[in-house]
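Q: Take this structure, written in structure tokens, and hold onto it; I'll ask about it next.
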Amino acid sequence: MIRRLVSLVLLVWALGFIAFAVFLPRPAGNIHADGVIVLTGSDGRIQRGLETLHKGLARRMLVSGVDGEVTQGQFAALYHVDTATMRCCIDLGYDSVDTRSNATESSAWIADHHYTSVRLVTSDWHMRRAAFELARTVPHGVTVIEDAVPTRPSLSVLFTEYCKWLARRAWLIWRQS
Numbered sequence: 009m010i011r012r013l014v015s016l017v018l019l020v021w022a023l024g025f026i027a028f029a030v031f032l033p034r035p036a037g038n039i040h041a042d043g044v045i046v047l048t049g050s051d052g053r054i055q056r057g058l059e060t061l062h063k064g065l066a067r068r069m070l071v072s073g074v075d076g077e078v079t080q081g082q083f084a085a086l087y088h089v090d091t092a093t094m095r096c097c098i099d100l101g102y103d104s105v106d107t108r109s110n111a112t113e114s115s116a117w118i119a120d121h122h123y124t125s126v127r128l129v130t131s132d133w134h135m136r137r138a139a140f141e142l143a144r145t146v147p148h149g150v151t152v153i154e155d156a157v158p159t160r161p162s163l164s165v166l167f168t169e170y171c172k173w174l175a176r177r178a179w180l181i182w183r184q185s
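Just so we're aligned: 126 in this note's numbering is position 118 of the sequence shown, and the numbers increase by one with no gaps anywhere.
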């Protein structure tokens, strides 16, 4: 009986991993939102956020998880952002160090600006966990639009992220019981 139960759990876990790896989240397209939140990390994320601003798909952008030593001037120079755009439309968030604190920092930013919709920009392999954490912390009634940046993640990246996503969900279920 125990052997069958363990086998069933492993089978469900393996099928879940396959689905997780094969059906990665996609870019959002031209959906408008009040703001855009970009989580620092892999290539393409900040560029996607800036593209969102330039296309008028959001009014303001938060870059969450910026290294404390990076100044606004350095950020502007690195990403070729003009001074007017930095002043009006880009906030650098220095308070987060992981996905959960990204969500906390982002939720405070959303509340401060009274936004009702935001685009969340992160890598395709990271989107499920990032969106899960953000959904737990955003003010009531806020729509989160998932805007995944396509990548070519390794099997180890997918495996690690799948395990983190499952572990976080299991931890919260266990805590609530």
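Positions of the beta carbon are idealized from the N, C-alpha and C atoms, including for glycine. Remember, predicted model here, so these are calculated numbers, not experimental data.
1. Checking the sheet assignment: what are the DSSP bridge partners for Ala-156?
2. Hey, would you say Arg-127 sits closer than 7 Å to Ile-98, going by beta carbons?
3. DSSP beta-bridge partners for Asp-99?
4. Using a Cβ-Cβ cutoff of less than 6 Å, which residues in the same chain neighbour His-40 once the five nearest sequence positions on both sides are dropped?
5. Secondary structure at Thr-151, three-state DSSP: helix, strand or coil?
6. If you run the structure through DSSP and keep just helix, strand and coil, what is Gly-43?
7. Specify whether the stretch 12-24 and the stretch 45-54 touch according to this definition: at least 3 beta carbon pairs, one from each stretch, less than 8 Å apart.
8. May I ask which residues mark the beginning and end of the alpha helix (DSSP H) holding Tyr-87?
9. Where does Ser-50 fall in DSSP's three states?
10. Go through its chain and collect everything with a Cβ distance to Ala-138's Cβ below 8 Å, but skip five positions before and after it.
11. For Leu-58, which residues from the same chain have a beta carbon less than 8 Å from its beta carbon, with the 5 sequence-adjacent residues on both sides left out?
12. By a C-beta neighbour count over all protein chains shown, 10 Å radius and 16 as the cutoff for buried, is Arg-53 buried or exposed?
A: The short version:
1. The partner list for Ala-156 (beta bridge, DSSP) reads Thr-130.
2. Contact: no.
3. DSSP lists Leu-70 as the beta-bridge partner residues of Asp-99.
4. Cβ neighbours of His-40 beyond the five flanking positions: Leu-65.
5. DSSP places Thr-151 within a strand segment (E or B) once states are collapsed to three.
6. Reduced to three states, the DSSP call for Gly-43 is strand.
7. At 8 Å Cβ cutoff, the stretches do not touch.
8. From DSSP, the alpha helix (DSSP H) with Tyr-87 extends over 80-87.
9. Coil at Ser-50, not helix or strand.
10. For Ala-138, where only same-chain residues beyond five positions count, the Cβ hits under 8 Å are Leu-47, Thr-107, Asn-110, Ala-111, Leu-128, Thr-130.
11. Residues of the same chain with a CB within less than 8 Å of the CB of Leu-58, apart from the 5 flanking positions on each side, are Met-69, Tyr-87, Val-89 in chain order.
12. With 16 or more neighbouring CB atoms inside 10 Å of its own CB, Arg-53 falls in the buried class.
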